[in-house]
Amino acid sequence: MSLFINDNISSLVAQQNLNTSNSLLDQSIQRLSSGKRINSAADDPAGLAISTTLQTQIQGLNQGVQNANDGVSLTQTASTGLTQIVTALQTIRSLANEAQGGTLTTANQQALQQEVSQEIAEVNRISNTTTFNGLNLLNGTSGIINVQVGADVGQTVQLDLSQGVSAGSLGGGIAESGQVLGTISNLNLNADGTEASGAGAITQISIVSNGSGGFTFEDQNGSAISAAASASLFTTTTTNGVSSLSLNSTGALTPTNELTSISAAVAGGSGAAKGTVFGKISDIDIDPSTGLDATSSTNNAITSITVEANGSGGLQFIDQNGNAVPASATGGLFNLTTSAGGAVTGISFAATPTSTIGSTAAGAQPANSVLANVNALTTPTSVANIDVSTTVGANNAVLSIDNAIATINNLQAVIGAAQVRFQGISQSQQDESTDLSNANSQISDADFATESANLSKAQVMQQAGISVLAQANAQPQQVLKLLQ
């Protein structure tokens, strides 16, 4: 065996092994004390990169879960506000129904309107005060919001809060499909819309909303009236998608045809003998004293006017009872055209007649009045403008409230769907976060069983290394014995 004193190779080897044991011991102590297998990039460069990416995604998912839960709270708040608005609208509808009862005086209806006004104010209050963290949910000012629910850019849920539900924005719109807007009765028409009589004639026309701002027409049996017939009777004008009706001036629901033939007879019968009948205008309802539309309290209402020659080149007007129609009535209805000699040569309706002349039976609602109601119902008033102090206003209020509740129901469906989605996102991302946390743990967390064994091994190796190093350091002293 060679002995050296300048280089103690055994000591150097022992020192190197002891350093390795110390490093392993330090590593085990660090991992056990931190609970992490990777405490620096040197421990596992690739593992550290993967672990960092996973941790970033986990944190994003966890924040997304919190955001989704906030979305659930927001939609719950909005839904509660909408439910309160529906309660107020239902109260208004009940009051409108009460106002239509027929047994109330005008004062009673005005009292109901006071309560309606309070409920309208409540709708506006709820709309303006339903907020979440300062964000107004029901007055439309928040617009479209995007809730970040994922870990990455673009993983958002869009919620449209741009539709306000104040009293001014609710209740208007187009009448529902199938809703009967008005009925013209006591008719006698052929299938093509011309005058008729006898069995099979159309005696009633119901005007029905088609749900798109227009109309369909049904007879007394609920059967559709042909397009040709409806076109001959009515003129439809459409503005901004909403249609309004008027009577076709040449159709059977106006007396134009009757008057045209009468005028022709007058022109061709100049000098006719007294009593010669030129024609009859029927199905009217006129107050004989004023020429205005008759009311339910009017006695001896004029329901038809027969135009006859007076034997002197002029005309005389006879009612259904054979009595002369007062000039006070005819003056507001007709314009007469005369020749140079004073003979009447033509007759026409006044440009602005004092009464509504429609081809309806005595006592029935004139067709023009029916159409006025139809056109009013086509675009219902907003909730803010509801007025139940009149029966007509109360009737329109019911339609407005029904439209308003339909709007709220649609918005509730949108918000409810968003709430369900937020809840689903929260649950799914919690599950995803758990899975990623498990994967990250497998990469970065210390296995205590393994590290405890490594610690024990390193401690033994350290103790052994110290002992061996002491012996290696003692080897050069053996050379001294050779020099004695």
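Residue numbers 824 to 1307, in my numbering, belong to the letters of the sequence shown in order.
For every residue, glycine included, the Cβ atom is placed at its ideal position computed from N, Cα and C.
Contacts around VAL1031, its chain only, beta-carbon distance under 8 Å, and the 5 residues preceding and following it disregarded: Position 208 of the sequence shown, counting from 1, holds the residue named residue 1031. GLY1001, GLN1002, VAL1003, LEU1004, PHE1038, THR1039, PHE1040, GLU1041, listed in sequence order.
Own chain, CB closer than 7 Å to GLN853, minus 5 neighbours either side, in chain order: In the sequence shown, counting from the first residue as 1, residue 853 sits at position 30. Excluding sequence neighbours, GLN853 sits near ASN862.
Rounded Cβ spacing between VAL1206 and ILE949 (contact assumed at less than 8 Å): Along the sequence shown, one-based indexing puts residue 1206 at 383. Along the sequence shown, one-based indexing puts residue 949 at 126. The pair is not a contact, with the Cβ atoms about 12 Å apart (cut-off 8 Å).
In DSSP terms, what LEU1138 is bridged to: Residue mapping note: residue 1138 aligns to position 315 of the sequence shown, counting from 1. DSSP, once it has assigned bridges, lists ALA1132 as partnering LEU1138.
Start and end residues, beta strand (DSSP E) containing VAL970: The sequence position of residue 970 within the sequence shown is 147, counting from 1. It spans 966 to 971 - the beta strand (DSSP E) in which VAL970 sits, taken as one unbroken run.
N-terminal and C-terminal residue of the alpha helix (DSSP H) that GLY963 is part of: Position 140 of the sequence shown, counted from the start, is the residue given in the question as residue 963. Where GLY963 is concerned, there is no enclosing alpha helix (DSSP H), given that its DSSP letter is neither H nor E.
Cβ contact check for the stretch 973 to 991 and the stretch 882 to 892: 3 or more pairs under 8 Å: yes
Meets three-Cβ-pair contact criterion under 8 Å: the stretch 1248 to 1256 and the stretch 897 to 909: no
Cβ separation of LEU935 and VAL1211, assumed to be a contact under 8 Å, to the nearest whole Å: One-based indexing of the sequence shown puts residue 935 at position 112. One-based indexing of the sequence shown puts residue 1211 at position 388. That belief holds up - the Cβ atoms of LEU935 and VAL1211 are roughly 5 Å apart, short of 8 Å.
Check whether GLN1252 and GLY887 have beta carbons under 7 Å apart: Looking up residue 1252 in the sequence shown gives position 429. Looking up residue 887 in the sequence shown gives position 64. Yes. Within cutoff.
Sub-7 Å separation of ALA919 and ALA1229 beta-carbons: Working through the sequence shown from its first residue, we reach residue 919 at position 96. Working through the sequence shown from its first residue, we reach residue 1229 at position 406. Cβ distance not < 7 Å, so ALA919 and ALA1229 don't count as in contact.
Chain-order list of residues whose beta-carbon lies under 8 Å from that of SER965 (same chain, five-residue window excluded): Here residue 965 is taken as the residue at index 142 of the sequence shown, counted from 1. The answer, listed in chain order, is LEU958, ASN959, LEU984, SER985.
Rounded separation between THR954 and ALA1236 - CA only: Translated into positions along the sequence shown, residue 954 becomes position 131. Translated into positions along the sequence shown, residue 1236 becomes position 413. C-alpha separation (whole angstroms): 19 Å.
Closer than 7 Å to chain C by CB, SER846: As a matter of chain content, chain C is missing from the structure shown, which is built from one protein chain.
Between the CA atoms of ASP1268 and THR1257 - distance to the nearest angstrom: Here residue 1257 is taken as the residue at index 434 of the sequence shown, counted from 1. Here residue 1268 is taken as the residue at index 445 of the sequence shown, counted from 1. The alpha-carbon atoms of THR1257 and ASP1268 are separated by roughly 15 Å.
Contacting residues, own chain, Cβ-Cβ under 7 Å from SER833 (five flanking each side not counted): Against the sequence shown, residue 833 aligns to sequence position 10. Same-chain partners within the cutoff: ALA1295, GLN1298.
Per-residue burial, ASN962 [other beta carbons within 10 Å of its own, 16 or more giving buried]: Working through the sequence shown from its first residue, we reach residue 962 at position 139. When all chains shown are included, ASN962 counts as buried.
Best match in LEU1222, ASP830, THR952, ASN845 for proximity to SER917 [C-alpha to C-alpha]: On the sequence shown, position 94 is the one that residue 917 refers to. Comparing Cα positions, the closest option is LEU1222.
Buried versus exposed, by CB contacts within 10 Å (16 or more), ASN956: For this step, residue 956 is matched to residue 133 along the sequence shown. That one is exposed.
Residue(s) in a DSSP beta bridge with GLU1005: Stepping through the sequence shown from its first residue, residue 1005 is reached at position 182. Per the sequence shown, residue 1005 should be read as Gly rather than Glu. ILE1030, per the DSSP bridge assignment.
Cα-Cα separation between THR926 and VAL946, rounded to whole angstroms: Along the sequence shown, read from residue 1 onward, the residue named residue 926 stands at position 103. Along the sequence shown, read from residue 1 onward, the residue named residue 946 stands at position 123. So the two alpha carbons sit approximately 29 Å from each other.
Beta-bridge partners of ALA1047, as assigned by DSSP: Stepping through the sequence shown from its first residue, residue 1047 is reached at position 224. DSSP, once it has assigned bridges, lists GLU1041 as partnering ALA1047.
Straight-line gap, ILE1048 to ALA1014 (C-alpha atoms, nearest Å): Here residue 1048 is taken as the residue at index 225 of the sequence shown, counted from 1. Here residue 1014 is taken as the residue at index 191 of the sequence shown, counted from 1. Going by the C-alpha atoms only, they are around 7 Å apart.
Ranges of the alpha helix (DSSP H) found wholly within the stretch 1212 to 1297, counting only runs of at least 4: 1214 to 1267, 1271 to 1297
SER1069 and THR1061 closer than 7 Å at C-beta: As a working mapping, residue 1069 is identified with position 246 in the sequence shown. As a working mapping, residue 1061 is identified with position 238 in the sequence shown. Going by C-beta atoms, SER1069 is not nearer than 7 Å to THR1061.
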